[in-house]
Amino acid sequence: MQMPRLLINAVTAFAFAVWVAFATQAQDETESATPSAATESQVKEMIGKLSSASFSERQQASKNLLNVGPEFVRILEDAAASSTGETQLRLRMLLPQLRERLFDDQLSAFLKQNSVENARRLPQWDRFESLCGQDEEALSIFGQILKAESRLFATRLFAVHELPQLLEVRTAEIAEKCNGRLDEEFPVASVAAVMLLGSESETRLVRATSANISSGLDDPRFSTLIREGVHSRALRVLVEAWILRKGIAAERPLLFSMQHELAAGRLLALRVINSNSRRPDMILALLCLAKFRNTEDLAVVETLLSHETVLWPQRGRIIKRLVPGAAPADTNYKVQTRDVALVAAAQIRGIPPIELGIAARPSDVTLFAIDSIGFSSDEARRSALAAYRKLATK
């Protein structure tokens, strides 16, 4: 029993050593390789030699395949899907390296000469141009974004079906760096890159990807860059594109929009309201409209003045006190949809909540503290609504 186990261990160790040697050599060869002309038949012949009995022949075929042009990527992908054994193993290791090399060639040409012509050969340029334009600053930012996340963009260009999984992993790594530490550099180019990729409707955002991307909105360093950074204009545009991505959680984008007065926040707020949300994002959506004070939104807000959905406290939570040091709160105190709508409508009309009998506490984050815009009884609600209607007609 002992001998077979030793043989298995030895074989496993040998196989691993061969794999490491191949990967290292392939990487070195990729770095020194220059594109060569090849025909389709020659490429297929190279693929066939990956399973050759000759080690040197297999290695040479690998080296040659790492040097083919972008027009042969599909052939290699098809071969990787249909082949078996060592051929499939080698192709699966070669393809990511080849994609990165091809992308790096195009990116290097663009970085040497920031021209629209070179930019058109790169992924996401059309979307970026539609958002940020094509002036010198836009071209420079585009280059920085692609350079920061070259693997993501190479995957987007050559293997879009692999992007969702890779994007989830990479955004988790970036999210860890969005820690608010002022002694560390904020990964602004990476954050902008994943917002650009993530805002594309065709990109699938799996599991925690959207939450990872939105985590950058919580970092005060990003807020500083949005307010006064050298590229604040372009950053605001990219953030707004992300904010309007359908299907992502709305809370962080709404708060960020209120903080920086981003027009996309108003559109997101209207989307949340029209969805008849019964979640806390309805509170932020209404307060966001209150912050923008656009009278065109009054009709939408006032349709909610009879909605009794309890938004705060959330189900299962008990109110103990509203303000630290204050007396215990009335356990009947609730914030319903109609309460927030009333405060929002009053704010849009320029009516201070106190004139409705609502002691709303100002908040730098949400305009008014959420735990101060509700009521303990329906009688108090009716009284405040009557006061609003009276003042609204003046």
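Heads up: the sequence shown runs through residues 20 to 413, numbered per our numbering.
Cβ coordinates follow ideal geometry from the N, Cα and C atoms, glycine included.
> Where in the region 155-229 do unbroken runs of the alpha helix (DSSP H), each at least 4 residues long, occur, reported from the N-terminal end onward?
Replying inline: 155-167, 169-177, 182-196, 207-217
>> Do Glu-219 and Arg-146 have their beta-carbon atoms positioned less than 8 Å apart in this structure?
In response: yes
> Skipping 5 residues on each side, what residues in its chain have a beta carbon closer than 8 Å to that of Leu-257?
Replying inline: Leu-150, Cys-151, Ala-211, Met-214, Leu-215, Ser-218
> Which parts of the region 78-166 are runs of the alpha helix (DSSP H), unbroken and 4 residues or longer, counting only runs that do not cross its ends?
Replying inline: 92-101, 104-131, 135-138, 144-151
> In whole angstroms, what is the alpha-carbon distance linking Met-301 and Ala-138?
Replying inline: 41 Å
>> For the alpha helix (DSSP H) containing Val-359, name the first residue and the last one.
In response: 356-368
>> Could you tell me the alpha carbon to alpha carbon distance between Leu-317 and Glu-96, rounded to whole angstroms?
In response: 55 Å
>> Considering only the alpha carbon of each residue, which of Gly-199, Ser-102, Ala-378, Ala-173 lies closest to Asp-446?
In response: This structure does not reach residue 446, given that the chain is present from 20 up to 413, and the question cannot be answered.
>> Please report the distance separating the alpha-carbon of Val-291 from that of Ala-269.
In response: 8 Å
>> Classify Leu-201: buried if its beta carbon has 16 or more other beta carbons within 10 angstroms, exposed otherwise.
In response: exposed
> Near Ala-29, which residues of its chain fall below 6 Å by C-beta distance, leaving aside the five closest residues on each side in sequence?
Replying inline: Low per-residue confidence applies at Ala-29: pLDDT is 45, beneath 50, and the placement is therefore not dependable, though the value from the model is reported in the following sentence. Hits under 6 Å: none found.
> Ordered along the chain, which non-local residues of its own chain (more than five positions away) have a Cβ less than 8 Å from that of Arg-77?
Replying inline: Lys-68, Leu-69, Ser-70, Ser-71, Glu-105, Arg-109
> Can you pull the DSSP bridge partners for Ser-382?
Replying inline: Leu-386
>> Would Leu-185 and Phe-122 be called neighbours here (beta carbons separated by less than 8 Å)?
In response: no
> Shortest alpha-carbon distance to Thr-58 belongs to which of Pro-89, Ser-75, Val-319, Glu-327?
Replying inline: Pro-89
> With DSSP run on the structure shown, which of helix, strand or coil describes Val-249?
Replying inline: coil
> Helix, strand or coil: which one does DSSP assign to Lys-310?
Replying inline: helix
> What is the residue span of the beta strand (DSSP E) that Leu-281 lies within?
Replying inline: Segment: none, Leu-281 is in no beta strand (DSSP E) and carries neither H nor E.
> How many Å lie between Met-65 and Lys-82 at the Cα?
Replying inline: 9 Å
> What is the DSSP secondary structure of Leu-263, reduced to helix, strand or coil?
Replying inline: coil
>> Per the DSSP calculation, Val-329 is bridged to which residue(s)?
In response: Gln-355
> Does the region 349-362 come close enough to the region 313-331 to have 3 or more Cβ pairs within less than 8 Å?
Replying inline: yes
>> To the nearest angstrom, how far is the alpha carbon of Ser-229 from that of Ile-373?
In response: 38 Å
> Is the Cβ-Cβ distance between Ile-267 and Gly-284 less than 8 Å?
Replying inline: no
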